[in-house]
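Enquirer: Provided herewith is a single structure, encoded as structure tokens, for subsequent inquiry.
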């Protein structure tokens, strides 16, 4: 069992009984370490498998733990989510705790009762607003905050509340009353019931603690105060506890999760064994280096446990950083690259496009559809299947009968969406309401782009006229897009938000929309919130095994307002130019304060950053159109010139410059000097000969036994 482990994993597996904290970076084999630890202790006779409770946060992760432990020859270990473990105990002890009464029904969702509670206190809500209120109530209960304490607690936590805090507290109170009168409980109540059963009933505590004597908690950075209290109740002062986590992957604090228990573990458990897993087996050293560069700039509490990863895989391609003129160009380039990866043999299911908010998915759904690339949407509905989008499309069709046809399309769309409660003003507070607003804002943006391309109507044989697009045209366009994107797919490129991508990995990952205002989002106001946005990017980077693409659009739509790149990208020169920084394990090199001429790929239009790419005038992944015969003539000519001048061949022109000449085939001096590496001096020395060679001249024609003198 120990033979295949690295030294740090072996230290985690063989650590003595007692409090153990495993700080495990992304891709470092944490699941292998903790399952091997459980199996090693069981097979060595240190513990009995039936006395082990391993808890995590998803049913998928729990199932994976059970499967791996069984493969190691151990049976009887309980691996469950916090909620599943609590529910099992509450149901088992219900007859004893409830004096024979039936256990209350468990709510699948708070939204319906929250809607009723809001109405009871005079607050009208749609489904999105109700979801945000439900989220606030869930945060409060997970944080052990009662309705009467909510206003102060929300202020202390700097919560971005969906309504005035006092009003949220009123809804919270009404919700609790409705639950009791309806005889139902929610998931937080169930966790509290498990805590209450152990803390207040000695017989229950004795039985639970007799059954479970050894505890393992995965993703410990995501534990909330209520879950920690349940864990403390299970432990009952004992210390046979192993926790595993990575503070740099703390991205769910808005739900009440806190990394403070992980950060403070050595302080709470003075004799704790702390092991750091830093060997990354998932990603190439290039990807690992970029991840280290991004997280090395982190500040705050979580940064105290920052891990510097060491890539263990063979070297791979450098991460691709691309800048596009607008979001449609960015989406089209991503789709084209996905198509080329699939054509080259990468399975579609091993490719992911990750973005900050779900409303960004529409552009990629459209681009992938047009490129005939199958896709699946992870953790959210497809754009045109979202309830607010379907409702908006109904409103737009209705508006075609009431809004005058000559009304400019963007104006007409805004007017129609106003009828379903959307406003072009700043989005409302609350995550769900904000996502709804952003989805409808995406429709307005589509209208602006669509209006910028008027229909051309033929008039006779030689003349034509442009007709402005109408609201009717736009609704038909939306219907066509919806029909195309509703084609069912089973195995395809994954479209997902960064939050829903945690715990997953792919061969190729595209991180898109990395602009200020999107990542970090404009709603990140405090230092802590901005740092969580940085950790989101870190999580996204560490999802990639082999290929990593990072991109942003300089404007949201063609001709739109310019945007700045995300402050978290260490490669970008903040003065306005661009350059590639080292992706080693240390901090990125401070960019020079200079402005570099922006150069775009002549094939896909992406901004070129690296020197060789700028010389070639194309991205390294775009197809080469080199003239092989010309390339050979250029190489022979360079060899003769270098021999005559008695200098190395690269002094005349480098290999990259020869390749650029054979690909770009300049026909005029200004085109020749536009190639990086060819300045006025080399233009004067060799320009005439090179242009002649490109024009079809033979090597003997341009250098018949003649020598070239180096001019000072």
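Residue numbers (the working numbering): 21 to 732.
Beta carbons: idealized from backbone N, C-alpha and C, even for Gly.
1. Of all the beta strand (DSSP E) runs that stay within the bounds of the segment 541-601, which reach a length of 3 or more residues?
2. Sort out for me which residues DSSP pairs residue 236 with in a bridge.
3. With burial defined as no fewer than 16 other Cβ atoms inside 10 Å of the residue's Cβ, what is the status of residue 155: buried or exposed?
4. Would you mind working out which of 250, 673, 347 sits nearest residue 465, comparing C-alpha positions?
5. Among the candidates 237, 82, 24, whose CA atom is the shortest distance from the CA of residue 40?
6. Select from 432, 84, 274 the residue whose C-alpha is nearest the C-alpha of residue 420.
7. Starting from residue 97, trace the alpha helix (DSSP H) in both directions and tell me its first and last residue.
8. Taking a contact to mean a Cβ-Cβ separation below 8 angstroms, would you say residue 163 touches residue 276 in this structure?
9. Nearest-angstrom Cα distance between residue 697 and residue 676?
10. In whole angstroms, give me the CA-to-CA distance for residue 723 and residue 711.
11. So residue 395 is in the alpha helix (DSSP H); what residue range does that whole segment cover?
12. To the nearest angstrom, report how far apart residue 303 and residue 332 are at their CA atoms.
13. Residue 589: which of 36, 103, 339 sits nearest, CA to CA?
14. From residue 105 to residue 86, what distance separates their C-alpha atoms?
15. Which runs of the alpha helix (DSSP H), 4 residues or longer, sit entirely within the segment 295-355?
16. With DSSP as the reference, identify every bridge partner of residue 198, one or two as the case may be.
17. Please list, in chain order, all residues of the same chain as residue 571 whose beta carbon is under 6 angstroms from its beta carbon, the five residues on each side excluded.
18. Could you tell me the distance, in whole angstroms, from the CA atom of residue 418 to the CA atom of residue 216?
19. Any idea what DSSP makes of residue 493, helix, strand or coil?
20. Assign residue 418 to one of three DSSP states: helix, strand, or coil.
21. Helix, strand or coil for residue 254 per DSSP?
22. From residue 546 to residue 540, what distance separates their C-alpha atoms?
23. Could you give the residue range of the beta strand (DSSP E) that holds residue 514?
24. Output needed for residue 98: all residues of its chain with C-beta closer than 6 angstroms, excluding positions within five of it in sequence on either side, in chain order.
25. Counting C-beta neighbours from all protein chains within 10 Å, is the total for residue 202 16 or more, i.e. buried, or is it exposed?
26. So is residue 91 buried or exposed if we call it buried at 16+ other beta carbons inside 10 Å?
27. Cutting at 8 angstroms between CB atoms, please list the residues of its own chain near residue 88, excluding the five before and the five after it.
28. Can the beta-carbon of residue 219 be found closer than 8 angstroms to that of residue 268?
29. So, using beta-carbon positions, are residue 657 and residue 713 closer together than 8 angstroms?
30. Classify residue 293 as helix, strand or coil using the three-state DSSP reduction.
31. Between 440, 458, 551, 427, which has its C-alpha nearest residue 492's C-alpha?
32. In the DSSP assignment, what residue or residues form a beta bridge with residue 125?
33. Between which residues of its own chain and residue 49 is the CB-CB distance below 7 angstroms, once the five residues before and five after are set aside?
34. With a threshold of 7 angstroms on Cβ separation, who are the neighbours of residue 388 within its own chain once the five nearest residues in sequence on each side are excluded?
35. Tell me the DSSP secondary structure of residue 42 in three-state form.
36. When the Cα of residue 557 is compared with those of 291, 46, 24, 21, which residue comes out closest?
Expert: On the basis of the supplied data:
1. 564-573
2. Taking the chain shown and counting its residues from 1, the one referred to as residue 236 is at position 216. Answer by DSSP bridge pairing, in chain order: 74, 262.
3. Reading the chain shown from its first residue, position 135 is the one you call residue 155. By the neighbour-count rule (16 or more Cβ atoms within 10 Å), residue 155 is buried.
4. By one-based count along the chain shown, residue 465 stands at place 445. Nearest of 250, 673, 347 to residue 465, Cα basis: 347.
5. As a working note, residue 40 is residue 20 in the chain shown. The option with the nearest alpha carbon to residue 40 is 237.
6. Here residue 420 refers to the residue found at position 400 of the chain shown. Ranking the options by Cα distance to residue 420, first place goes to 432.
7. Start at 1 with the first residue of the chain shown, and residue 97 comes out as number 77. Note, residue 97: premise wrong, no alpha helix (DSSP H); not H, not E.
8. Numbered from 1 along the chain shown, position 143 holds the residue referred to as residue 163. Numbered from 1 along the chain shown, position 256 holds the residue referred to as residue 276. In contact: residue 163 and residue 276 (Cβ atoms closer than 8 angstroms).
9. One-based indexing of the chain shown puts residue 697 at position 677. One-based indexing of the chain shown puts residue 676 at position 656. Residue 697 and residue 676: Cα-Cα distance of roughly 9 angstroms.
10. The residue you call residue 723 lines up with position 703 of the chain shown. The residue you call residue 711 lines up with position 691 of the chain shown. Cα-Cα distance, rounded: 13 angstroms.
11. Residue mapping note: residue 395 aligns to position 375 of the chain shown, counting from 1. Here residue 395 belongs to no alpha helix (DSSP H); instead the beta strand (DSSP E) covers 395-398.
12. One-based indexing of the chain shown puts residue 303 at position 283. One-based indexing of the chain shown puts residue 332 at position 312. Each residue's Cα considered, the two are about 8 angstroms apart.
13. Counted from its first residue, the chain shown places residue 589 at position 569. Comparing Cα positions, the closest option is 339.
14. For the purposes of this step, residue 105 is taken as residue 85 along the chain shown, with counting starting at 1. For the purposes of this step, residue 86 is taken as residue 66 along the chain shown, with counting starting at 1. Looking at the two C-alpha atoms, the distance is approximately 14 angstroms.
15. 305-315
16. Residue 198 sits at position 178 when you count from the first residue of the chain shown. Per DSSP, none; premise fails for residue 198.
17. Indexing the chain shown from 1 puts residue 571 at position 551. Within the same chain, residue 571 has close Cβ partners 342, 350, 532.
18. Taking the first residue of the chain shown as position 1, residue 418 is located at position 398. Taking the first residue of the chain shown as position 1, residue 216 is located at position 196. Computed Cα separation, rounded: 55 angstroms.
19. Looking up residue 493 in the chain shown gives position 473. Residue 493 falls in the helix class under three-state DSSP.
20. Your numbering for residue 418 matches position 398 in the chain shown. Helix at residue 418.
21. Your numbering for residue 254 matches position 234 in the chain shown. Three-state DSSP puts residue 254 in a helix.
22. Locating residue 546 in the chain shown gives position 526, counting from the first residue. Locating residue 540 in the chain shown gives position 520, counting from the first residue. Rounded to the nearest angstrom, the two C-alpha atoms are 11 angstroms apart.
23. Indexing the chain shown from 1 puts residue 514 at position 494. Residue 514 -> beta strand (DSSP E) spans 513-517.
24. Against the chain shown, residue 98 aligns to sequence position 78. Excluding positions up to five away in sequence, the list reads 73.
25. Start at 1 with the first residue of the chain shown, and residue 202 comes out as number 182. Classification for residue 202: exposed.
26. Along the chain shown, read from residue 1 onward, the residue named residue 91 stands at position 71. Exposed: under 16 other Cβ atoms inside 10 Å.
27. Translated into positions along the chain shown, residue 88 becomes position 68. Closer than 8 angstroms at the Cβ level, and outside the excluded window around residue 88, lie 51, 52, 55.
28. By one-based count along the chain shown, residue 219 stands at place 199. By one-based count along the chain shown, residue 268 stands at place 248. Not in contact: residue 219 and residue 268 (Cβ atoms no closer than 8 angstroms).
29. Residue numbering aside, residue 657 sits at position 637 when the chain shown is read from its first letter. Residue numbering aside, residue 713 sits at position 693 when the chain shown is read from its first letter. Yes.
30. For the purposes of this step, residue 293 is taken as the residue at position 273 of the chain shown. Strand.
31. As a working note, residue 492 is residue 472 in the chain shown. The shortest Cα separation from residue 492 among 440, 458, 551, 427 belongs to 427.
32. Walking along the chain shown from the start, residue 125 turns up at place 105. 204, per the DSSP bridge assignment.
33. As a first step, residue 49 must be located in the chain shown, where it is residue number 29. Result list for residue 49: 29, 297, 301, in chain order.
34. Residue numbering aside, residue 388 sits at position 368 when the chain shown is read from its first letter. The answer, listed in chain order, is 355, 358, 395, 513.
35. Locating residue 42 in the chain shown gives position 22, where the first residue counts as 1. Reduced to three states, the DSSP call for residue 42 is strand.
36. Walking along the chain shown from the start, residue 557 turns up at place 537. Cα-wise, what sits closest to residue 557 is 46.
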